[in-house]
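In what follows, a structure is listed as structure tokens, so that the remarks can point back to it.
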Amino acid sequence: MKTKQEKLSPKQHCIVDFIYRFWEDRGFPPSIRDIVAGCGLSSTSVVDYNLRILERQGYIRRHREVSRGISMPAGAHTTGRRLFIPVIGQIAAGEPIPVPDTDAWDVTAASDTIEVTGDLTRGKEGVYALKVKGLSMVDAMINDGDIVLMQYVNAVENGEMAAVWLKSEKEATLKKFYLEEGRVRLQPANSRMKAIYAEPGNVEIQGRVIAVIRQLD
Numbered sequence: 744m745k746t747k748q749e750k751l752s753p754k755q756h757c758i759v760d761f762i763y764r765f766w767e768d769r770g771f772p773p774s775i776r777d778i779v780a781g782c783g784l785s786s787t788s789v790v791d792y793n794l795r796i797l798e799r800q801g802y803i804r805r806h807r808e809v810s811r812g813i814s815m816p817a818g819a820h821t822t823g824r825r826l827f828i829p830v831i832g833q834i835a836a837g838e839p840i841p842v843p844d845t846d847a848w849d850v851t852a853a854s855d856t857i858e859v860t861g862d863l864t865r866g867k868e869g870v871y872a873l874k875v876k877g878l879s880m881v882d883a884m885i886n887d888g889d890i891v892l893m894q895y896v897n898a899v900e901n902g903e904m905a906a907v908w909l910k911s912e913k914e915a916t917l918k919k920f921y922l923e924e925g926r927v928r929l930q931p932a933n934s935r936m937k938a939i940y941a942e943p944g945n946v947e948i949q950g951r952v953i954a955v956i957r958q959l960d
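For the sequence shown, the positions run 744 to 960 when our numbering is used.
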């Protein structure tokens, strides 16, 4: 038997999580236009349609005669809440592998989600998940089949683990990022594997690793 959460679409998971985070950060609920902007949705009517579903399933309560009239059941917006993170694809921790074009990084288009506790994301926004393929990051405790939680950013510090898009090759890889003189070094965390070198203009950062979810045999 499926749980109530499993019946929600990735778009609805995004809306629920946004409402919870907005409430915790500001102390009052978001407006419908806040949700449109925060979840990257196309219109207020799309939000209203999904809010009706969330209300029907008990995730929220709506008070239509009140501005910002969204409330949540008691205890819903706590620091130990469950979050639903979109899993938007697979990334290589080895040699780069082809992935769909950058439109595939749209979290509202994800076909799968993973449920985590709020402490894993530490209140960060723009969090998504990737399934790892390959062994180049094993010394960083990231194995084949693990899931990495990523924060979407377009710049990282040297030594941070990042999802990197190689524009010309249309490939993505998970590596430690180093900006050196005239080049970028993408360093595996595996002594048996060599670094990848790229021109800075050919590299686009798609996110930094903030947590790893181990897959146990």
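C-beta: ideal position from N, C-alpha, C; glycine also.
Values in this document were obtained by computation on a predicted structure and should not be read as measured data.
Burial state of Asn-793 (16 or more Cβ within 10 Å): Burial of Asn-793 is indicated by the presence of at least 16 other C-beta atoms within 10 angstroms of its C-beta.
Own chain partners of Ser-774 with C-beta closer than 8 Å, once the 5 adjacent residues on each side are dropped
Cβ within range, chain order: Ser-810 and Arg-811.
Practice task
Would you mind reading off the limits of the alpha helix (DSSP H) that contains Gln-811?
Solution key: The sequence shown places Arg at residue 811, not Gln. No alpha helix (DSSP H) holds Arg-811; DSSP gives it neither H nor E.
Open item on the list: Looking at the strands, I want to know which residues DSSP matches up with Glu-923.
Closed with: Arg-926
**Request:** Check whether the Cβ of Arg-811 sits closer than 7 Å to any heavy atom of the ligand GTP, and report yes or no.
**Result:** This structure simply doesn't include the ligand GTP, nor any ligand for that matter.
* **Cut-off 7 Å between Cβ atoms - residues of its own chain near Gln-833, not counting five sequence neighbours on either side** => Cβ within range, chain order: Leu-873, Lys-874 and Lys-876.
Checklist entry - Are the beta-carbon atoms belonging to Asp-693 and Ala-932 less than 8 Å from one another? => result Examination of residue 693 is not possible in this model, given that the chain is present from 744 through 960 alone.
Once you ignore the five residues that flank Phe-827 on each side, which residues in its own chain have a CB closer than 6 Å to its CB?
Cβ-Cβ distances below 6 Å link Phe-827 to His-756, Thr-856 and Glu-858 in the same chain, with the five nearest sequence neighbours on each side left out; the list follows chain order.
**Report entry** Straight-line Cα distance separating Gly-783 from Gly-823
**Finding:** For Gly-823, the pLDDT reaches just 47, beneath the cut-off of 50, and the residue's location in the model is therefore unreliable, although a value from the coordinates is still provided. If I take the Cα positions, the gap works out to 25 Å.
Between Pro-829, Val-896 and Lys-913, which has its C-alpha nearest Pro-753's C-alpha?
Pro-829
I'd like to know whether the C-beta atoms of Ile-813 and Ile-762 end up nearer to each other than 8 Å. yes
TODO: Quick one: residues in its chain with C-beta nearer than 6 Å to the C-beta of Phe-765, no 5 flanking neighbours on either side, listed in chain order?
DONE: Pro-773
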